[in-house]
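Protein chains in written order, with my numbering: chain A, 1 to 142; chain B, 1 to 142.
Protein chains: 2
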Amino acid sequence: MAPRTCSIANALEVVGERWSLLALREVFLGSTRFDQIAANTGASRDVLTVRLKKLVASGVLEKHQYSEHPPRHEYLLTDTGRALHNVMLVLKEWGDTYVTEGPLPLVWEHSCGAVLEPRVVCAACGEEATPESLTRATELTH
Amino acid sequence: MAPRTCSIANALEVVGERWSLLALREVFLGSTRFDQIAANTGASRDVLTVRLKKLVASGVLEKHQYSEHPPRHEYLLTDTGRALHNVMLVLKEWGDTYVTEGPLPLVWEHSCGAVLEPRVVCAACGEEATPESLTRATELTH
DNA sequence: CTCCTAAGTTGGCTTTCCCAACTCACGTTA
DNA sequence: TAACGTGAGTTGGGAAAGCCAACTTAGGAG
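Take a look at the structure:
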């Protein structure tokens with residue numbers, strides 16, 4: 001049988017390879033240049049080249065020349081890329097809670113003044129979206 | 001310089017390899033047996049064996065024997081694993097919006113009656129957590 | 001001139017991945 | 001009791017991807 005098609009698989013097709021999300025993390029944190037991204041992620045330069053090319057081709061990042069003499073570029077988030085911020089927040093929260101030991105290496109403060117603890121809620125009612133509160137609205141064969 | 005330590009990297013250390021999240025998706029969807037997971041993800045059986053072992057070792061899944069004669073097992077989510085539901089929802093939402101073309105292959109309905117559109121909000125104030133609404137509460141060297 | 005930086009490229013080696021076929025323990029069917 | 005089916009992996013061999021360090025190229029800076 002053919003594997004299930006779903007948007008999780010599709011999303012991972014774009015950002016699921018090693019180093020892709022970490023490269024994006026760096027851009028979110030303001031390290032937009034190749035050497036910074038390489039140093040801060042630990043990715044090897046050749047792989048990083050391929051990842052960045054793919055992220056640009058997928059419309060997640062764009063390569064922007066910020067100096068002509070000498071030619072220098074930086075990688076910037078597109079709207080599509082900025083939308084991944086959610087993913088990183090939630091993944092970070094899971095890592096904070098279940099994986100990272102000791103003090104958290106990165107903490108965000110929300111504009112309300114509180115340390116950010118992200119919650120995933122239903123846009124319609126504002127209640128938390130738990131596994132139990134969801135039912136499948138499309139039938140799947142399997 | 002040493003790469004940045006962060007919970008995103010730590011999380012990806014556990015669930016960032018190819019097939020890990022898709023295997024978890026299957027368990028969330030109720031396909032808890034090896035052959036089902038293999039068929040529905042498309043992962044090769046040897047790699048899937050390694051991934052499932054790692055997820056069990058990491059405390060994300062547990063292997064439960066549901067029949068003694070014949071010996072049969074299924075993979076069940078631990079609390080740690082269930083907490084990844086958020087990640088999948090948000091990743092799926094991103095894939096739905098920016099990657100998947102045509103009709104969405106999987107749609108959830110929330111208990112409030114609406115089709116689920118997940119939003120990531122600050123637990124303290126309930127407002128959406130956007131990149132602009134956040135400031136770093138810890139200093140990082142780089 | 002020589003040195004330095006940014007942004008990759010290249011070569012060589014190692015590790016993973018993929019696929020199909022095989023195993024093994026048990027049931028079931030005839 | 002022999003043949004067949006099923007779940008859950010194992011195994012072998014080739015293809016692809018990843019890692020590392022060194023090299024390149026284009027342009028300042030001293």
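Glycine is no exception: its CB is placed at the ideal position from the N, C-alpha and C atoms.
If you look at B/Thr130, you'll find it isn't in any alpha helix (DSSP H); DSSP assigns it neither H nor E. For the stretch 45-125 of chain B, the full-length alpha helix (DSSP H) segments reaching 4 residues or more read 45-57, 79-82 and 85-98 along the chain. Between A/Val15 and A/Leu22, the C-beta spacing is not below 8 Å.
For A/Thr135, the enclosing beta strand (DSSP E) covers residues Leu134 to Arg136.
Taking C-alpha positions only, A/His110 is separated from A/Ser44 by approximately 34 Å.
With respect to chain B, the C-beta atom of A/Val27 has no partner C-beta closer than 8 Å. Here B/Lys53 is exposed. Its C-beta has fewer than 16 other C-beta atoms within 10 Å. Looking only at A/Arg4, A/Val87, A/Gly42 and A/Ser58, the smallest Cα-Cα distance to B/Pro131 is reached by A/Val87. For B/Glu127, the C-beta contacts it makes with chain A under 8 Å involve His110, Ser111 and Cys112, in order along the chain. For a Cβ distance threshold of 9 Å, nothing in chain A lies close to B/Thr32: the least Cβ distance comes to about 12 Å. Annotation: B/Asn10 to A/Val99 spans about 6 Å, alpha carbon to alpha carbon.
Bounds of the alpha helix (DSSP H) holding B/Ala11 are Ser7 to Val15. Shown here, B/Ser20 sits in a helix according to DSSP, grouped into three states. When the five nearest sequence neighbours on each side are left out, the beta carbons in the same chain lying within less than 6 Å of the beta carbon of A/Thr32 are those of Glu74 and Tyr75, in order along the chain. A straight-line Cα-Cα distance of about 13 Å links B/Cys112 and A/Ala137. DSSP places A/Arg25 in the helix class (H, G or I) of the three-state scheme. For B/Ala39, the enclosing alpha helix (DSSP H) begins and ends at Phe34 to Thr41.
Within the same chain, Cβ atoms closer than 8 Å to the Cβ of B/Val27 are found at Ile37, Leu61, Tyr75, Leu76, Leu77 and Gly81, the five residues on either side in sequence being excluded. Not a single C-beta of chain A is nearer than 8 Å to the C-beta of B/His64.
Rounded to the nearest whole angstrom, the CA to CA distance from A/Leu84 to B/Asp35 is 32 Å.
Beyond the five residues adjoining it in sequence on each side, B/Asn40 comes within less than 6 Å, by CB distance, of Glu26 and Ser31 in the same chain, given in chain order.
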